[in-house]
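Student: Residue numbers (our numbering): 367 to 858.
Structure below; questions to follow.
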RNA sequence: GCACCGGUGGCGAAGUGGCUAACGCGCAGGUCUGCAAAACCUGUAUACGCGGGUUCGACCCCCGCCCGGUGCUCCA
């Protein structure tokens with residue numbers, strides 16, 4: 367099944383297939399590790415995750431590279447303020463970022479590339495640009511890209527720069543540039559700042575050059591897909607194209623994917639608005655990692671997503687329905703055989719969900735057939751018409767769905783536990799939601815003992831004592847479920 | 001200002017030039033239960049921003065307007 371994916375460069379849906387017939391080579395812009403990742407960051411990484419998982423599921427191999435920007439103005443500023451090296455400053459944030467990805471079940475790319483470990487590659491590229499007449503050095507030792515050397519500039523973001531006059535907005539500290547829109551390739555060292563001594567002088571890389579250098583290092587001069595948040599389209603990606611193609615004269619990336627920004631409570635997320643959330647903030651409030659994942663992927667990546675707590679609750683409940691159903695299939699007893707209607711329903715659900723994803727990763731549409739199948743199967747179970755062969759067929763559809771969505775398999779306890787641990791270390795115990803504390807306040811054994819006592823009380827028809835125990839547990843976030851097979855309990 | 005995206009039932013969110021406009025959440029009723037909860041089933045609201053136009057026929061195409069959002073070299 368071929369993925370039809372919107373291509374910013376062509377402005378239409380294009381087939382996404384490996385140009386070499388082997389693996390799809392993709393580069394996705396990663397984080398600048400100067401702070402903890404927020405949900406907006408993760409929406410983008412989750413969208414790319416859905417893409418790669420769909421490709422893998424449908425039999426396309428993937429070679430996925432993601433950069434870690436571990437040197438830039440903010441990092442230098444913050445590290446200097448803290449009196450430590452930039453490496454010492456960024457390391458914990460990089461680690462936190464990778465932990466957050468794991469919590470959200472974002473698959474790790476085949477290759478992570480740190481900017482600071484690829485300085486020679488960047489220098490080499492700048493030298494080539496200089497040789498081609500597309501780069502020049504200013505008096506202070508910085509290097510700039512000469513926009514005039516790349517007539518196609520603007521082809522990605524569809525900007526027509528011809529009408530823009532030079533000199534209209536010249537920053538005071540950039541007076542040396544030939545043209546106001548020329549952008550920095552290499553920034554000359556300033557006293558006290560981190561810098562590298564190289565053939566093009568002492569300094570540090572500009573922001574854009576790292577992606578060009580590292581993408582070419584791992585994927586070649588021309589590759590299949592480049593992805594990132596919509597904000598990166600201009601100028602970052604436009605600049606990457608200019609830098610790369612001025613040297614190689616080949617198409618840098620054939621396909622460009624941009625993920626729409628999200629809103630929080632209907633407004634742009636920002637610290638000053640007070641609607642800025644990191645993943646850790648949400649975990650500490652008691653929301654499950656799976657719910658956050660579901661909420662962030664349920665709206666197709668090109669649509670604006672309005673992130674709300676109501677939305678998280680909805681996602682939580684929707685996942686619960688799927689998990690309960692899955693358990694019902696796995697634990698029930700079903701007679702041998704197959705029900706043709708259910709076999710057909712399973713087949714249709716599988717086909718429909720994949721078809722929806724293949725259409726520009728329409729995750730919202732992809733959910734529908736799965737829920738249709740859940741209802742049909744539940745009805746059949748109630749009527750005794752679901753057979754063992756149907757159970758197997760339906761479980762395999764759920765497994766396939768989970769290869770992409772990955773929300774049914776429950777591994778929510780670990781990220782929450784880690785977040786609490788982190789909060790304690792970071793002196794943020796106060797941010798841990800009380801119900802999370804309650805959930806962990808009783809051991810499994812203690813709960814089992816209370817449940818047993820309640821069962822005994824019920825048998826003796828001492829319902830007031832039984833209800834009392836149930837209420838006490840409920841206050842601590844322990845939910846009891848009576849069934850004919852005994853009592854089940856779970857932490858809310 | 002220029003450019004782009006969106007406005008679908010209580011909420012979220014698909015989709016289509018004409019058949020009953022998905023799905024999820026919520027809500028209501030039922031089954032079950034000592035009662036609940038949970039789970040499941042059923043039902044639910046006669047939803048396509050406004051005004052024109054094209055068409056045999058538009059929520060879907062075109063024009064205008066209103067509203068919301070975003071971008072225009074910090075930003076996933």
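All C-beta atoms, glycine included, are put in the ideal place defined by N, C-alpha and C.
Please read these numbers as outputs of a predicted model, since none were measured by experiment.
For residue 733, count neighbouring Cβ atoms within 10 angstroms of its own Cβ and tell me buried if that reaches 16, exposed if not.
Tutor: Flag for residue 733 reads buried.
Student: Take residue 770 and list the residues in its own chain whose beta-carbon comes closer than 7 Å to its own, dropping the five residues that flank it on each side.
Tutor: Answer for residue 770: 416, 419, 420, 423 and 723, listed in chain order.
Student: Are the Cβ atoms of residue 628 and residue 371 separated by less than 9 Å?
Tutor: Cβ atoms of residue 628 and residue 371: not closer than 9 Å.
Student: Our contact map puts residue 663 next to residue 412 with C-beta atoms below 8 Å; I'd like the distance itself, whole angstroms only.
Tutor: Confirmed, about 5 Å.
Student: Three or more C-beta pairs closer than 8 Å, one from the stretch 571 to 580 and one from the stretch 601 to 616: is that the case here?
Tutor: Output reads yes: the stretch 601 to 616 touches the stretch 571 to 580.
Student: According to DSSP, is residue 498 helix, strand or coil?
Tutor: Three-state DSSP puts residue 498 in coil, outside helix and strand.
Student: From residue 844 to residue 808, what distance separates their C-alpha atoms?
Tutor: Each residue's Cα considered, the two are about 9 Å apart.
Student: Would you call the stretch 578 to 593 in contact with the stretch 611 to 631, where contact means no fewer than 3 C-beta pairs closer than 8 Å?
Tutor: Verdict: yes, contact present.
Student: Take residue 751 as the anchor and find which of 515, 706 and 572 has the nearest alpha-carbon.
Tutor: Cα-wise, what sits closest to residue 751 is 706.
Student: At what residue ranges does the stretch 443 to 487 contain a whole run of the alpha helix (DSSP H), taking only runs of 4 or more?
Tutor: For the stretch 443 to 487, whole alpha helix (DSSP H) runs of length 4 or above, ordered along the chain, are 452 to 469.
Student: Whole angstroms is fine: what's the gap from residue 676's alpha carbon to residue 683's?
Tutor: Approximately 11 Å, taken between the alpha carbons.
Student: If we count the other Cβ atoms within 10 Å of its Cβ and call it buried at 16 or more, is residue 543 buried or exposed?
Tutor: Buried is the call here.
Student: With three or more beta-carbon pairs closer than 8 Å as the criterion, would you say the stretch 377 to 393 touches the stretch 645 to 653?
Tutor: Verdict: no, contact absent.
Student: Quick one, which of 634, 467, 740 and 481 has its alpha-carbon nearest residue 434's?
Tutor: Considering only alpha carbons, the answer is 481.
Student: Roughly how many angstroms lie between the CA atoms of residue 468 and residue 497, to the nearest whole one?
Tutor: Using only the alpha carbons, I get a separation of about 43 Å.
Student: Taking the alpha-carbon positions, what's the residue 840 to residue 457 distance?
Tutor: Rounded to the nearest angstrom, the two C-alpha atoms are 41 Å apart.
Student: What is the residue span of the beta strand (DSSP E) that residue 370 lies within?
Tutor: That run of the beta strand (DSSP E) goes 369 to 373.
Student: Roughly how many whole angstroms lie between the Cα atoms of residue 326 and residue 453?
Tutor: Because the chain spans 367 through 858 in this model, residue 326 falls outside it and cannot be assessed.
Student: Assuming residue 681 contacts residue 655 (C-beta within less than 8 Å), just tell me the rounded distance between them.
Tutor: 11 Å between Cβ atoms; not a contact.
Student: Using 10 angstroms around the beta-carbon of residue 535, count the other beta-carbons present and answer buried if the total reaches 16, otherwise exposed.
Tutor: Unreliable placement is indicated for residue 535, whose pLDDT of 39 sits below 50; the coordinate value is still reported in the next sentence. Under this definition residue 535 is an exposed residue.
Student: Please state the DSSP three-state secondary structure of residue 790.
Tutor: Helix at residue 790.
Student: According to the neighbour-count rule (16 or more other Cβ atoms, all chains shown, within 10 Å of its Cβ), is residue 852 buried or exposed?
Tutor: Counting Cβ neighbours within 10 Å, residue 852 comes out exposed, since fewer than 16 surround it.
Student: Residue 713: which of 827, 762 and 679 sits nearest, CA to CA?
Tutor: Checked all of 827, 762 and 679; the closest Cα to residue 713 is 762.
Student: Would you tell me roughly how many angstroms separate the C-alpha atoms of residue 816 and residue 774, rounded to the nearest one?
Tutor: In a straight line, the C-alpha of residue 816 is about 29 Å away from that of residue 774.
Student: Identify whether residue 393 lies in helix, strand or coil by the three-state DSSP scheme.
Tutor: It is a strand residue.
Student: What is the rounded straight-line gap between the Cα of residue 736 and the Cα of residue 791?
Tutor: Straight-line Cα distance between these residues: approximately 41 Å.
Student: Between the Cα of residue 520 and those of 756, 374, 672 and 811, spot the shortest distance and give me the residue it belongs to.
Tutor: With distances taken between Cα atoms, residue 520 lies closest to 374.
Student: Should the stretch 547 to 562 be regarded as contacting the stretch 501 to 520, the criterion being three or more beta carbon pairs within less than 8 Å?
Tutor: Verdict: yes, contact present.
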